[in-house]
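K.L.:
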Amino acid sequence: MAFDSLTEKLQNVFKNLRSKGRLTEEDVKAALKEVKMALLEADVNFKVVKGFIKDVQERAIGQDVMNGLNPGQMVIKIVNEELVSLMGAETTEIQLQPGSAATVIMMAGLQGAGKTTTTAKLAGKFKLKGKKPLLVACDVYRPAAIKQLQINGEKQGVEVFSMGDKVKPADIARAAMEHGAKNGNNIIILDTAGRLHIDEDMMTELQEIKEAVTVHQTILVVDAMTGQDAVNVAGSFHEKIGIDGVIVTKLDGDTRGGAALSIKAVTGRPILYVGMGEKLSDLEQFYPDRMASRILGMGDVLTLIEKAGAELDEEKARKMTEKMKKAQFDYEDYLESMSQMKKMGGLSGVMNMMPGLGGGMGGRKKMPDLDSEENEKRMARMEAMIYSMTPEERRNPDLLNLPRKHRIAKGAGVDISEVNRMVKQFNETRKLMKKLPGLMGGGKKGRFRL
Ligand code: GDP
1 MAFDSLTEKL
11 QNVFKNLRSK
21 GRLTEEDVKA
31 ALKEVKMALL
41 EADVNFKVVK
51 GFIKDVQERA
61 IGQDVMNGLN
71 PGQMVIKIVN
81 EELVSLMGAE
91 TTEIQLQPGS
101 AATVIMMAGL
111 QGAGKTTTTA
121 KLAGKFKLKG
131 KKPLLVACDV
141 YRPAAIKQLQ
151 INGEKQGVEV
161 FSMGDKVKPA
171 DIARAAMEHG
181 AKNGNNIIIL
191 DTAGRLHIDE
201 DMMTELQEIK
211 EAVTVHQTIL
221 VVDAMTGQDA
231 VNVAGSFHEK
241 IGIDGVIVTK
251 LDGDTRGGAA
261 LSIKAVTGRP
271 ILYVGMGEKL
281 SDLEQFYPDR
291 MASRILGMGD
301 VLTLIEKAGA
311 ELDEEKARKM
321 TEKMKKAQFD
331 YEDYLESMSQ
341 MKKMGGLSGV
351 MNMMPGLGGG
361 MGGRKKMPDL
371 DSEENEKRMA
381 RMEAMIYSMT
391 PEERRNPDLL
401 NLPRKHRIAK
411 GAGVDISEVN
421 RMVKQFNETR
431 KLMKKLPGLM
441 GGGKKGRFRL
């Protein structure tokens, strides 16, 4: 998995820091030297690494240590924050045209980067959001590309517009606009031709398409496996045709991952999504903060202190731990834990924060898409079910017999099978919580040890 080796190296650096009581300037400098080596080995762009280390060093030396953190933790906190800002700080969505007008997206990239696959993946995402995308086959040089787009489009249930391989891409794009307008498509995605290397013909062709139709978003697809090359490619594309965002593919592979860390800094354009596999569902929204904590492999400490610390009610957490220990966890607590979980970035966010369980790309094989839209809807339905219980039922989960469950199902507007599923899940959670006594308990300092 991407970043495995970087994560391991960074963890070693921080482990050494942690064993120190007080940090001197020398300690910080020595640690950052190792961080620098680790980043370079992960194929992060040299200039980017230099700037990054400089920023961290300036902040780490001479900064007051925050209440509740030791100096070692403080350095990790800063490294984490700088990693997030390096990758763009905020999650960027593809900008859609307001109103009913269609948003036209042009996909660009070198051959083999994963452009055609990603185009179909993206169409699937838009479809899930209730849009009506149209895929347009503008790669006329590789006959297989048209076929590939058609096959993938069909799998996604999305229409593919093609005019074969004898018409110029700019003309195909123009015709596709008319077709899309007649057809009521509100997203039109142009799959363009790639070449093995950056060349003038490819750039000219992309420019011609841009002149022929109004392109609202130009998205570049780059292959993480190509490391620094991916970053150089992004730089050239941006310079020649102007890009709005980048999708980095093959981050599931055995790549060092440095491209993902450098692209924003080099092009000034954000990463929008990352490709995590060959399946059409393997496209994930890019969250700089989650990625940073995965890279550090210790999202536990910082993310919790920063994200949840301020918002979690200590007293509530303490009471809940007590209840859990006594196996008194009830549906009121279940509701509460769901709302706290939301604050901590969803279930996958929590998993990533838990030493041993998380680690995202590092520790686990593949993190299921726990925060998908579908899952959010499921959570909302679970909340509706709990709100349909009487206060007595919420406090005494064992009261739920069949007639009560039927009443709850009716109240929440769901099927009885869904109530049964939630009850089962609740019972499993209750069991799991008993096994994880440290998870919710204690004060800020004691809850997560570094
Ligand atoms: P194009 O030439 O840029 O259109 O590239 P393709 O879409 O044909 O993809 C090239 C190869 O990369 C195909 O075998 C894809 O299945 C594969 N691929 C694309 N995206 C990913 C990804 O995120 N992870 C992995 N492992 N493979 C990918």
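Sequential numbering of the sequence shown, starting at 1, is according to UniProt numbering.
The beta-carbon is built from N, C-alpha and C at its ideal position, and this holds for glycine as well.
According to DSSP, is E278 helix, strand or coil?
P.N.:
On the sequence shown, residue 278 is found 278 positions in, with the first residue counted as 1. Reduced to three states, the DSSP call for E278 is coil.
K.L.:
Within 10 angstroms of its Cβ, does I188 collect 16 or more other Cβ (buried), or is it exposed?
P.N.:
Translated into the one-based positions of the sequence shown, residue 188 becomes position 188. Counting Cβ neighbours within 10 Å, I188 comes out buried, since at least 16 surround it.
K.L.:
Residues in its own chain within less than 8 Å of K405 by CB, not counting five upstream and five downstream?
P.N.:
As a first step, residue 405 is located in the sequence shown; it is residue number 405 there, counting from the start. The residues are I416, V419, N420 and V423.
K.L.:
If you drop the 5 nearest sequence neighbours on each side, which residues of the same chain put their C-beta closer than 7 Å to that of E374?
P.N.:
As a first step, residue 374 is located in the sequence shown; it is residue number 374 there, counting from the start. Closer than 7 Å at Cβ, skipping near neighbours: no residue.
K.L.:
Can you tell me the Cβ-Cβ gap for D199 and G112, rounded? I've got them flagged as a contact below 8 Å.
P.N.:
Taking the first residue of the sequence shown as position 1, residue 199 is located at position 199. Taking the first residue of the sequence shown as position 1, residue 112 is located at position 112. Their Cβ separation, rounded to whole angstroms, is 15 Å, which puts D199 and G112 out of contact at 8 Å.
K.L.:
Near M382, which residues of its chain fall below 6 Å by C-beta distance, leaving aside the five closest residues on each side in sequence?
P.N.:
Locating residue 382 in the sequence shown gives position 382, counting from the first residue. The answer, listed in chain order, is M422.
K.L.:
Just the Cα atoms here: how many angstroms apart are L135 and L400?
P.N.:
Within the sequence shown, the letter at position 135 stands for residue 135. Within the sequence shown, the letter at position 400 stands for residue 400. Those two C-alpha atoms are separated by around 50 Å.
K.L.:
Spatial neighbours of I408 within its chain, please: C-beta separation below 7 Å, excluding the five flanking residues on both sides.
P.N.:
Reading the sequence shown from its first residue, position 408 is the one you call residue 408. The answer, listed in chain order, is M385, S388, M389 and V419.
K.L.:
Considering T192, what are the terminal residues of the beta strand (DSSP E) in which it resides?
P.N.:
Position 192 of the sequence shown holds residue 192. Note, T192: premise wrong, no beta strand (DSSP E); not H, not E.
K.L.:
Look at G275 and G114 and say whether their C-beta atoms are less than 7 Å apart.
P.N.:
Counting from one through the sequence shown, the residue named residue 275 turns up at place 275. Counting from one through the sequence shown, the residue named residue 114 turns up at place 114. Yes. Within cutoff.
K.L.:
For L400, which three-state DSSP category applies?
P.N.:
One-based indexing of the sequence shown puts residue 400 at position 400. In the structure shown, L400 sits in coil (DSSP, three-state: anything other than H, G, I, E or B).
K.L.:
Would you call P288 buried or exposed, if buried means 16 or more other Cβ atoms sit within 10 Å of its Cβ?
P.N.:
Position 288 of the sequence shown, counted from the first residue, corresponds to residue 288. With 16 or more other Cβ atoms within 10 Å, it is buried.
K.L.:
For S262, which option in G88, T24 and F237 has the closest C-alpha, if you only look at C-alpha atoms?
P.N.:
Residue numbering aside, residue 262 sits at position 262 when the sequence shown is read from its first letter. Answer by Cα proximity: G88.
K.L.:
Is any beta-carbon of chain C found at less than 7 Å from that of P143?
P.N.:
The chain labelled as chain C is not found in the depicted structure, where only one protein chain is given.
K.L.:
Assess, as a yes-or-no matter, whether the segment 52-60 is touched by the segment 96-106 under the definition of 3 or more beta carbon pairs within less than 8 Å.
P.N.:
no
K.L.:
With distances taken Cα to Cα, identify the nearest neighbour of Q285 among G235, F126 and Q73.
P.N.:
Mapped onto the sequence shown, residue 285 falls at position 285. Comparing Cα positions, the closest option is F126.
K.L.:
Taking 6 Å as the line, does the beta carbon of E278 fall inside it for any heavy atom of ligand 1?
P.N.:
Residue 278 sits at position 278 when you count from the first residue of the sequence shown. At least one heavy atom of ligand 1 is nearer than 6 Å to the Cβ of E278, so yes.
K.L.:
In whole angstroms, what separates the C-alpha of Q228 from that of M291?
P.N.:
Against the sequence shown, residue 228 aligns to sequence position 228. Against the sequence shown, residue 291 aligns to sequence position 291. Going by the C-alpha atoms only, they are around 19 Å apart.
K.L.:
What did DSSP end up calling F237 once you bin it into helix, strand or coil?
P.N.:
Taking the first residue of the sequence shown as 1, we reach residue 237 at position 237. Helix.
K.L.:
Does the beta-carbon distance from Q217 to I105 come in below 7 Å?
P.N.:
On the sequence shown, residue 217 is found 217 positions in, with the first residue counted as 1. On the sequence shown, residue 105 is found 105 positions in, with the first residue counted as 1. Taking 7 Å as the Cβ cut-off, Q217 and I105 qualify as a contacting pair.
K.L.:
Less than 7 Å between the C-beta atoms of A212 and R174, yes or no?
P.N.:
Locating residue 212 in the sequence shown gives position 212, counting from the first residue. Locating residue 174 in the sequence shown gives position 174, counting from the first residue. Going by beta carbons, A212 and R174 fall inside the 7 Å limit.
K.L.:
DSSP three-state call for F161: helix, strand or coil?
P.N.:
Taking the sequence shown and counting its residues from 1, one reaches residue 161 at position 161. In this structure, F161 counts as strand in the three-state DSSP scheme.
K.L.:
Under the rule that 16 or more other beta-carbon atoms within 10 Å means buried, what is N12, buried or exposed?
P.N.:
Residue numbering aside, residue 12 sits at position 12 when the sequence shown is read from its first letter. Exposed, because fewer than 16 other Cβ atoms sit within 10 Å of the Cβ of N12.
K.L.:
Starting from the C-beta of K431, find all residues in its chain whose C-beta is less than 6 Å away, skip the five residues before and the five after it, and write them out in chain order.
P.N.:
Residue mapping note: residue 431 aligns to position 431 of the sequence shown, counting from 1. So no residue of the chain qualifies.
K.L.:
Under three-state DSSP, which class holds I305?
P.N.:
As a position in the sequence shown, residue 305 is number 305, starting the count at 1. Annotation note: pLDDT 43 at I305 (below 50); position unreliable, no value reported.
K.L.:
From this set, R269, R142, G257 and R256, which residue's C-alpha is nearest F237's C-alpha?
P.N.:
Here residue 237 refers to the residue found at position 237 of the sequence shown. The alpha carbon of F237 has as its nearest neighbour, out of R269, R142, G257 and R256, the alpha carbon of R269.
K.L.:
Taking only the alpha-carbon atoms, compute the straight-line gap between I76 and G194 and give it to the nearest angstrom.
P.N.:
Numbered from 1 along the sequence shown, position 76 holds the residue referred to as residue 76. Numbered from 1 along the sequence shown, position 194 holds the residue referred to as residue 194. Each residue's Cα considered, the two are about 41 Å apart.
K.L.:
Between V221 and V266, is the Cβ-Cβ spacing less than 7 Å?
P.N.:
Reading the sequence shown from its first residue, position 221 is the one you call residue 221. Reading the sequence shown from its first residue, position 266 is the one you call residue 266. It is not a contact, given that the beta carbons lie outside the stated cut-off.
K.L.:
What is the rounded straight-line gap between the Cα of D201 and the Cα of M107?
P.N.:
Taking the sequence shown and counting its residues from 1, the one referred to as residue 201 is at position 201. Taking the sequence shown and counting its residues from 1, the one referred to as residue 107 is at position 107. Looking at the two C-alpha atoms, the distance is approximately 16 Å.
K.L.:
Return the residue from the list M338, G164 and I241 that minimises the CA-CA distance to V215.
P.N.:
Counting from 1 along the sequence shown, the entry for residue 215 is found at position 215. Among M338, G164 and I241, the Cα nearest to that of V215 is on I241.
K.L.:
Taking C-alpha atoms, which residue in P143, A137, N427 and H179 lies nearest to N396?
P.N.:
Stepping through the sequence shown from its first residue, residue 396 is reached at position 396. With respect to the C-alpha of N396, the residue from P143, A137, N427 and H179 having the closest C-alpha is N427.
K.L.:
Is P391 buried or exposed, if buried means 16 or more other CB atoms sit within 10 Å of its CB?
P.N.:
Stepping through the sequence shown from its first residue, residue 391 is reached at position 391. By the neighbour-count rule (16 or more Cβ atoms within 10 Å), P391 is not buried but exposed.
K.L.:
Taking 7 Å as the threshold (C-beta atoms), are A42 and G258 in contact?
P.N.:
In the sequence shown, counting from the first residue as 1, residue 258 sits at position 258. In the sequence shown, counting from the first residue as 1, residue 42 sits at position 42. Taking 7 Å as the Cβ cut-off, G258 and A42 qualify as a contacting pair.
K.L.:
For I151, is the classification buried or exposed, using 16 other Cβ atoms within 10 angstroms of its Cβ as the cut-off for buried?
P.N.:
Working through the sequence shown from its first residue, we reach residue 151 at position 151. Its Cβ having fewer than 16 others within 10 Å, I151 is exposed.
K.L.:
Helix, strand or coil, according to DSSP, for P133 in the structure here?
P.N.:
Sequence index remark: in the sequence shown, residue 133 carries index 133 (1-based). Strand, per DSSP.
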